[in-house]
Ligand code: IVH
């Protein structure tokens, strides 16, 4: 491959990763791998100035614009920091600074790099007036209403308080006692020594300074580990997708349109950078202390270093100790302390020359593999799971980790009793990355073999072409598949029978009351409660909820059936096009392929499903119980083809219907609601306050903007 081709390849790849990270909030590679690719690109671009492209991923700081909020310009652009993963580069940074300052003495302020999303807060006369996300560095989203719900962010500053706790005290033996307050301000750590841990530096109380009339303060919004775990437990119970890490949870939360959601989610914020015309001191560290005295949450774990050795001490200390912090951190930030010296050093196009971020390696832990078990999912896919000695990793105790599939197990050459390295990457489920070579000299246990029969029902496993997983083909007789299908059937977005959780389903299954979802409609109150009076109330509720589900509209029943590849939106499309389950059951491959968004895989899966006699019997039973197996008269009457083939973006605030209602209306009339504007967009249905970024894009692409009233006339309402 020529260097020119490599540049093109890297740009495409990095664009995709940027999109995954910023827009979808689901990165598929580690930060470190991303940075390595970006660096490779930057180096190649330096060698090939003739290939300059203003749209190259190297030219942007990243964007988190979401269109949902008003976009506003930052008074001072929000730059990011140069990243490094190794000590040599830290040393080089230190030397560059020293040279840049012509040998003048300087101090480096060392601090934690919090892993959340950056925010800029503007205060006037002691009141919070504006909070803006970083966006593309120049413009960001105004999220002031959401930020106001974060309790650690002061809305109105109090009179400056002296920072007593940080003043050095003297112990009984006359040694300085050094205090460090934990990040959650919950308990004190005290050590009596003059060789205290490097993060614990005796601080002198700063002179009490009043805040400037107008200033900006920047920091990181984050979700503490405990809130993050509680949130995911809740989402799991509600069958909502889990957040991969606290950063994504914080970012998803801050972009919520409902401030109430934000308030509930327990976000937190650390402030680490003060900007303005009349700051209290020349030192960054001193300014942050002043800010703390005004009521801001400023980390106590900051330290001024006057030698490179002190910098490394700080790094080494926190590389280990950060695991005990209540919030996620992904590195250390080093800043030249004096603002005057910062000015002398200046900026490059993207980042200041006076600061650098040292990033930690993705956290790994070594532990012993005790056993590999095999888990069968709703679709019959078999996943190997490593059961290990419990080990602490990124704030939680890990006992189980995924081994993905048979190929992965074979590739690792895994033996029972091996020491293995576990890592938490961007994903929430920990994974085994390697056998720990440090223990390679020990005798090894038996080799881990993949199974050939289903651990649940004994059926011989099969492998479908092009798939990495082994499957249990016994879908109608394998317990986890049966229970999984029933769980899916009752889930909120399907039949919404919310009194039936996984445990209840398991119990009914074990008692032989249900073998498939049609059996639910035969359940009787006395059967469920047994002889137990206290259970009558809940049994009645369950039977009632099952009965009520007969009103659930056809498209959701279709989704509930659990046909492979028929998710929510495919179910809607099929329902709209075929109108009844009988028409769907009769449809030929050709009939399916007439529909825009339906391909062969979906078509064949549906055809296959209706060829199975067991399934046909279940459909007949559901019909007998009165479930909706066709579109309702009302929907049929309302339905039209007026918007057939149209891709429509909804933007802004509406007077006559909610956004969701407009979405439903578009679908009812054969159109498709899409999330973002592209050349393929037919028109934008725009209410009030359409975001300026969307407006600009629409104008650039020449896409029509249709008002609410015009739209309602289009569909004949
Ligand atoms: S200072 C010009 N300090 O890391 C310097 N940033 O790429 C502005 N971050 O965008 C940043 N902890 O979101 C600074 N103690 C800290 C930080 C920190 C986390 C984030 C911030 C920034 C990114 C650097």
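Residue numbers (this note's numbering): 21 to 737.
Backbone N, C-alpha and C define an ideal beta-carbon position, used for all residues, glycine too.
Quantities reported herein were computed from a predicted structural model and do not represent experimental measurements.
Look up residue 686 in the DSSP assignment and give the residues it is bridged to.
Paired residues: none, contrary to the question.
Please confirm if the stretch 694-702 is in contact with the stretch 666-673, defined as three or more CB-CB distances below 8 Å between the two stretches.
Yes, the stretch 694-702 is in contact with the stretch 666-673.
Please report the straight-line C-alpha distance between residue 523 and residue 589, rounded to a whole angstrom.
Using only the alpha carbons, I get a separation of about 28 Å.
Is residue 133 near the ligand IVH - that is, is its Cβ less than 7 Å away from at least one heavy atom of it?
Answer for residue 133: yes, Cβ within range of the ligand IVH.
Kindly indicate which residue of 131, 382 and 440 has the alpha-carbon position closest to the one of residue 304.
Out of 131, 382 and 440, the CA that lies nearest to the CA of residue 304 is found in 131.
Please confirm if the stretch 595-608 is in contact with the stretch 618-631, defined as three or more CB-CB distances below 8 Å between the two stretches.
Segments in contact, yes.
Can you name the residues that DSSP bridges to residue 420?
According to DSSP, residue 420 bridges with 407.
For the candidate residues 597, 553, 552 and 468, whose alpha-carbon lies nearest to that of residue 574?
Among 597, 553, 552 and 468, the Cα nearest to that of residue 574 is on 597.
Quick one: is the Cβ of residue 100 within less than 7 Å of any heavy atom of the ligand IVH?
In this structure, the ligand IVH has a non-hydrogen atom nearer than 7 Å to the beta-carbon of residue 100.
Taking C-beta to C-beta, are residue 437 and residue 478 nearer than 8 Å?
No; because the gap between Cβ atoms is not below 8 Å, this pair is not in contact.
Within the stretch 527-559, note down every full alpha helix (DSSP H) run reaching 4 residues or more, in order along the chain.
Those alpha helix (DSSP H) runs which fall completely within the stretch 527-559 and span 4+ residues are 545-549.
Identify which residue in 410, 144, 117 and 270 has its Cα closest to the Cα of residue 138.
Answer by Cα proximity: 270.
Option in 675, 713, 688 and 680 with minimal Cα separation from residue 730:
Looking only at 675, 713, 688 and 680, the smallest Cα-Cα distance to residue 730 is reached by 675.
Residue 103: which of 679, 350 and 362 sits nearest, CA to CA?
Among 679, 350 and 362, the Cα nearest to that of residue 103 is on 350.
Just list the residues that DSSP pairs residue 693 with in beta bridges.
Its beta-bridge partners are 668.
Quick one: any contact between the stretch 279-294 and the stretch 164-171, if contact means 3 or more CB pairs under 8 Å?
The stretch 279-294 makes contact with the stretch 164-171: 3 or more CB pairs, one atom from each, lie closer than 8 Å.
Could you give the DSSP three-state label for residue 27: helix, strand or coil?
In the structure shown, the three-state DSSP call for residue 27 is helix.
Just curious, the alpha helix (DSSP H) that residue 328 is in, first and last residue?
Element bounds for residue 328: 328-341.
Would you check if the stretch 136-154 and the stretch 226-246 touch, i.e. whether three or more CB-CB distances between them fall below 8 Å?
The stretch 226-246, when compared against the stretch 136-154, does touch it at the 8 Å Cβ threshold.
State yes or no: is the C-beta of residue 377 nearer than 7 Å to some heavy atom of the ligand IVH?
Checking every heavy atom of the ligand IVH against the Cβ of residue 377, one is found closer than 7 Å.
Going straight from the alpha carbon of residue 738 to that of residue 371, what length do you get?
Residue numbering for the chain in the displayed model covers 21 to 737; residue 738 lies beyond these limits and cannot be assessed.
By the 10 Å Cβ neighbour count, where 16 or more other Cβ atoms means buried, how is residue 210 classified, buried or exposed?
Interpretation of residue 210 is limited by its pLDDT of 31, a score under 50 that renders its predicted location unreliable; the figure taken from the coordinates is listed afterwards. Burial is judged here by how many other beta carbons sit within 10 angstroms of a residue's own beta carbon; residue 210 has fewer than 16 and is exposed.
Taking 7 Å as the cut-off, does the CB of residue 143 come closer than this to any heavy atom belonging to the ligand IVH?
Flag unset: Cβ of residue 143 not near the ligand IVH.
Quick one: any contact between the stretch 512-520 and the stretch 550-570, if contact means 3 or more CB pairs under 8 Å?
Three or more pairs of CB atoms, one per stretch, sit closer than 8 Å, so the stretch 512-520 contacts the stretch 550-570.
Residues in its own chain within less than 6 Å of residue 615 by CB, not counting five upstream and five downstream?
Counting only Cβ-Cβ distances below 6 Å, and skipping sequence neighbours, we find 597.
Do the stretch 659-669 and the stretch 637-648 meet, that is, are 3 or more Cβ pairs less than 8 Å apart?
Contact fails: fewer than three Cβ-Cβ distances are below 8 Å.
At 4 residues or longer, and completely inside the stretch 95-127: list those alpha helix (DSSP H) runs for me, N to C.
Counting whole runs of 4 or more residues, the stretch 95-127 contains the alpha helix (DSSP H) stretches 107-120.
Check the DSSP bridge columns for residue 704 and list the partner residues they point to.
DSSP output for residue 704 lists 669 and 725 as bridge partner(s).
Which first and last residues belong to the beta strand (DSSP E) in which residue 91 is found?
Start and end: 91-93.
Any beta-carbon of chain D closer than 8 Å to the one on residue 667?
Looking at the structure shown, chain D is missing, and only one protein chain is on hand.
Can you tell which of 163, 158 and 496 has its C-alpha closest to the C-alpha of residue 151?
Distance check between residue 151 and each of 163, 158 and 496 places 163 closest, using alpha-carbon atoms only.
What does a CB cutoff of less than 6 Å around residue 59 pick up in its chain, not counting 5 residues either side in sequence?
When the five nearest sequence neighbours on each side are left out, no beta carbon in the same chain lies closer than 6 Å to the beta carbon of residue 59.
Measuring CA to CA, which of 649, 377 and 545 is closest to residue 112?
The shortest Cα separation from residue 112 among 649, 377 and 545 belongs to 377.
Closest by C-alpha distance to residue 541, when choosing among 442, 497 and 647:
Check the Cα spacing between residue 541 and each of 442, 497 and 647: the tightest is with 647.
Indicate, with yes or no, if the ligand IVH has a heavy atom lying under 7 Å from the CB of residue 97.
Every heavy atom of the ligand IVH is 7 Å or more from the Cβ of residue 97, so no.
Whole angstroms is fine: what's the gap from residue 683's alpha carbon to residue 272's?
Going by the C-alpha atoms only, they are around 22 Å apart.
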